[in-house]
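Down below is the structure, laid out as structure tokens.
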Amino acid sequence: MSKLWYTVTLMLSLLCLISTFYFGTFFNYRSTSPVDTTSGYQSDASDAPCTFAIFRQAYKHQGYFPRGGRWLLTKGPPHYQPEICKFRFPRVDKRFVLRCLSNANISGMLTSGDSTGGRYSQALVKTSQLSFRRVRSEKSKGGGFYPDEKYFSSQLPPHVAKLLRTKGRFCHGCSCFLQSTKLTVSNKTYTFNIEHIAHTMILDHTLDIVYPIGEEGLRVPDNVWVTTAQELIFRYYLQDRYPDVFIVFLPFAHVKRHLLLHRLQMELKYFKSLIEEYIPRTTKVIYMPAYGEFEEARKSREWKNRLFENMLATEKIDKMNHVLYDVLESDLLDPKGRVYGFLDLIEASKDRKGWSTDGVHMAPVWYESVMSMFWETYCNSVLLNEF
Numbered sequence: 001m002s003k004l005w006y007t008v009t010l011m012l013s014l015l016c017l018i019s020t021f022y023f024g025t026f027f028n029y030r031s032t033s034p035v036d037t038t039s040g041y042q043s044d045a046s047d048a049p050c051t052f053a054i055f056r057q058a059y060k061h062q063g064y065f066p067r068g069g070r071w072l073l074t075k076g077p078p079h080y081q082p083e084i085c086k087f088r089f090p091r092v093d094k095r096f097v098l099r100c101l102s103n104a105n106i107s108g109m110l111t112s113g114d115s116t117g118g119r120y121s122q123a124l125v126k127t128s129q130l131s132f133r134r135v136r137s138e139k140s141k142g143g144g145f146y147p148d149e150k151y152f153s154s155q156l157p158p159h160v161a162k163l164l165r166t167k168g169r170f171c172h173g174c175s176c177f178l179q180s181t182k183l184t185v186s187n188k189t190y191t192f193n194i195e196h197i198a199h200t201m202i203l204d205h206t207l208d209i210v211y212p213i214g215e216e217g218l219r220v221p222d223n224v225w226v227t228t229a230q231e232l233i234f235r236y237y238l239q240d241r242y243p244d245v246f247i248v249f250l251p252f253a254h255v256k257r258h259l260l261l262h263r264l265q266m267e268l269k270y271f272k273s274l275i276e277e278y279i280p281r282t283t284k285v286i287y288m289p290a291y292g293e294f295e296e297a298r299k300s301r302e303w304k305n306r307l308f309e310n311m312l313a314t315e316k317i318d319k320m321n322h323v324l325y326d327v328l329e330s331d332l333l334d335p336k337g338r339v340y341g342f343l344d345l346i347e348a349s350k351d352r353k354g355w356s357t358d359g360v361h362m363a364p365v366w367y368e369s370v371m372s373m374f375w376e377t378y379c380n381s382v383l384l385n386e387f
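Oh and the sequence shown: position 86 is 86 in my numbering, straight run, nothing missing.
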């Protein structure tokens, strides 16, 4: 009997010890919020759905676009899970997007950027799960080097269209396009558009207003002139049909080659001032940081390990993202503002070398993953009445 009692007591003691260790560890794990090791910022909202308000809180604590997260690659489409909040869907559901657009009461989104921005815009359309059709496409001359005058002039006031001239944008894969779909909400049908405008620099003169010398009888008002292609787009091309959401994919893959860091801040500030001058305050403006490049994936020896201001491409792009944040910080922290940012995509892309197709561009899975995150963040913010 004493032997049996001793055995039972020993087993119970072991069970208690194991239970204490296992459940104690489990509950400690569940109750501890993730910590970003770079900033020491501990989020209390790690299980909350990702929204722009949560991003804003992270900006306050980290002083930068939120870092820290991991890719979930086991089941279904790969998706990124940040430490500060939760993305609940690898790819968003069509019904979720429809409900979001209905609540937001919006009819159009605009994206801008280079060939990378164009890929993001295509992914924005695809991941919405809505049935879009191509309404207009830019038929660029010289394999994409020169903007298509007809694409723009058809939407410009006649007196501006007459004076429109184009210059090379030097990008084979850059082109503009407009895609459209019909949405029916509460028995009411309306058109929803997503348009992409191609730019390879923050400010450029690929679209310009030029007085035709010697043309008799043409009188141009003094106030018609523009300083940049961006001003022409914001002032004339978009007038009377401004987007509800403007997603800015800054063309840092091109800019890193042509613009020194000390000039970048000035150009970003001027770009921002053009938006403030011409784009209505009702438009939400969302700046997307650039992702990193991969030297090992470059096809050309000429570009592999090339330095830009004594930095490899990713290091300079990272610094450019920091300049972008510094320029935007006061707007990003304003809870009543209309400017928003996103996650640190240098951090998110750093271990995705296998997705790089040529060192600069990524496979579709990257763009679709990021745009799914965008849809979920935007729609969560709409449905939680953050806007």
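Ideal placement from N, C-alpha and C gives every residue a C-beta, glycine not left out.
Based on the DSSP secondary-structure assignment, which residues constitute the bridge partners of residue i?
{"i": "Ala58", "result": "Per DSSP, none; premise fails for Ala58."}
{"i": "Ala313", "result": "Partner(s): none; Ala313 has no beta bridge."}
{"i": "Pro49", "result": "Lys86"}
{"i": "Ile197", "result": "Ser112"}
{"i": "Tyr278", "result": "Answer by DSSP bridge pairing: none, since Tyr278 is not bridged."}
Which of the three DSSP states is assigned to residue i in this structure?
{"i": "Met360", "result": "Here residue 360 is Val; the residue named in the question, Met, does not match the sequence. Correct three-state label for Val360: coil."}
{"i": "Leu333", "result": "coil"}
{"i": "Glu376", "result": "helix"}
{"i": "Phe271", "result": "helix"}
{"i": "Ser137", "result": "strand"}
{"i": "Phe192", "result": "strand"}
{"i": "Met266", "result": "helix"}
{"i": "Tyr237", "result": "helix"}
{"i": "Leu259", "result": "coil"}
{"i": "Leu72", "result": "strand"}
{"i": "Ser154", "result": "coil"}
{"i": "Leu163", "result": "coil"}
{"i": "Ser112", "result": "strand"}
{"i": "Leu207", "result": "strand"}
{"i": "Phe342", "result": "coil"}
{"i": "Phe308", "result": "strand"}
{"i": "Tyr367", "result": "helix"}
{"i": "Tyr146", "result": "strand"}
{"i": "Met1", "result": "Model confidence at Met1 stands at a pLDDT of 48, short of 50, so the residue's coordinates are unreliable; what they give is reported in the following sentence. Reduced to three states, the DSSP call for Met1 is coil."}
{"i": "His254", "result": "helix"}
{"i": "Cys171", "result": "coil"}
{"i": "Tyr41", "result": "At Tyr41, the pLDDT of 42 sits below 50, so the modelled position is not reliable and the matter cannot be decided from this model."}
{"i": "Phe294", "result": "coil"}
Of the residues the options, which one's Cα is nearest the Cα of residue i?
{"i": "Lys350", "options": "Gly337, Ile209, Ala313", "result": "Ala313"}
{"i": "Arg67", "options": "Glu347, Val135, Arg301", "result": "Glu347"}
{"i": "Val327", "options": "Lys316, Lys336, Tyr340, Pro335", "result": "Tyr340"}
{"i": "Arg281", "options": "Val245, Trp303, Ala363, Phe249", "result": "Val245"}
{"i": "Val362", "options": "Cys50, Ala290, Arg306", "result": "A small correction: the amino acid at residue 362 is Met; Val does not occupy that position in the sequence shown. It is Ala290."}
{"i": "Val185", "options": "Leu98, Leu332, Arg263", "result": "Leu98"}
{"i": "Leu260", "options": "Pro251, Phe308, His199", "result": "Phe308"}
{"i": "Tyr59", "options": "Phe342, Arg133, Glu376", "result": "Phe342"}
{"i": "Gly63", "options": "Leu333, Lys139, Arg301, Gly76", "result": "Leu333"}
{"i": "Tyr325", "options": "Lys126, Leu268, Val125, Leu207", "result": "Leu268"}
{"i": "Met373", "options": "Phe89, Asp331, Arg165", "result": "Phe89"}
{"i": "Gln239", "options": "Gln155, Val365, Leu384, Trp225", "result": "Gln155"}
{"i": "Tyr151", "options": "Leu110, Met201, Arg136", "result": "Arg136"}
{"i": "Ser115", "options": "Lys299, Phe170, Ser102, Arg298", "result": "Phe170"}
{"i": "Lys75", "options": "Arg91, His172, Gly69, His61", "result": "Arg91"}
{"i": "Phe52", "options": "Leu207, Leu130, Lys284, Gly354", "result": "Lys284"}
I need the straight-line Cα distance from residue i to residue j, nearest angstrom please.
{"i": "Leu203", "j": "Phe271", "result": "7 Å"}
{"i": "Asn193", "j": "Asn310", "result": "42 Å"}
{"i": "Glu386", "j": "Phe177", "result": "30 Å"}
{"i": "Phe234", "j": "Pro243", "result": "10 Å"}
{"i": "Phe55", "j": "Phe65", "result": "8 Å"}
{"i": "Ala123", "j": "Tyr367", "result": "6 Å"}
{"i": "Gln42", "j": "Cys85", "result": "Unreliable positioning characterises Gln42 in this predicted model, as indicated by a pLDDT of 44, which lies under 50. A coordinate reading is not provided."}
{"i": "Val210", "j": "Pro157", "result": "15 Å"}
{"i": "Tyr80", "j": "Lys182", "result": "31 Å"}
{"i": "Tyr292", "j": "Val360", "result": "Per the sequence shown, residue 292 should be read as Gly rather than Tyr. Looking at the two C-alpha atoms, the distance is approximately 8 Å."}
{"i": "Arg338", "j": "Ile106", "result": "15 Å"}
{"i": "Met320", "j": "Arg241", "result": "31 Å"}
{"i": "His254", "j": "Asn187", "result": "46 Å"}
{"i": "Leu264", "j": "Val160", "result": "30 Å"}
{"i": "Asp148", "j": "Thr377", "result": "34 Å"}
{"i": "Pro49", "j": "Tyr287", "result": "20 Å"}
{"i": "Lys256", "j": "Lys316", "result": "7 Å"}
{"i": "Thr127", "j": "Arg133", "result": "14 Å"}
{"i": "Thr111", "j": "Glu302", "result": "31 Å"}
Over the uninterrupted alpha helix (DSSP H) stretch that includes residue i, give me the two end residues.
{"i": "Leu232", "result": "229 to 232"}
{"i": "Ile106", "result": "Segment: none, Ile106 is in no alpha helix (DSSP H) and carries neither H nor E."}
{"i": "Lys284", "result": "That residue, Lys284, is in no alpha helix (DSSP H); its beta strand (DSSP E) goes 284 to 288."}
{"i": "Val248", "result": "Per DSSP, Val248 belongs to no alpha helix (DSSP H); it is in the beta strand (DSSP E), 245 to 249."}
{"i": "Arg346", "result": "Just to set this straight, residue 346 is Ile in the shown sequence, not Arg. Ile346 -> alpha helix (DSSP H) spans 345 to 349."}
How is the beta strand (DSSP E) around residue i delimited, first residue to last?
{"i": "Pro82", "result": "79 to 82"}
{"i": "Glu302", "result": "Where Glu302 is concerned, there is no enclosing beta strand (DSSP E), given that its DSSP letter is neither H nor E."}
{"i": "Thr181", "result": "177 to 185"}
{"i": "Leu203", "result": "Segment: none, Leu203 is in no beta strand (DSSP E) and carries neither H nor E."}
Can you tell me whether residue i sits near the ligand MG, meaning its C-beta is under 6 Å from at least one heavy atom of the ligand?
{"i": "Asp47", "result": "No copy of the ligand MG appears in this structure; indeed no ligand is present at all."}
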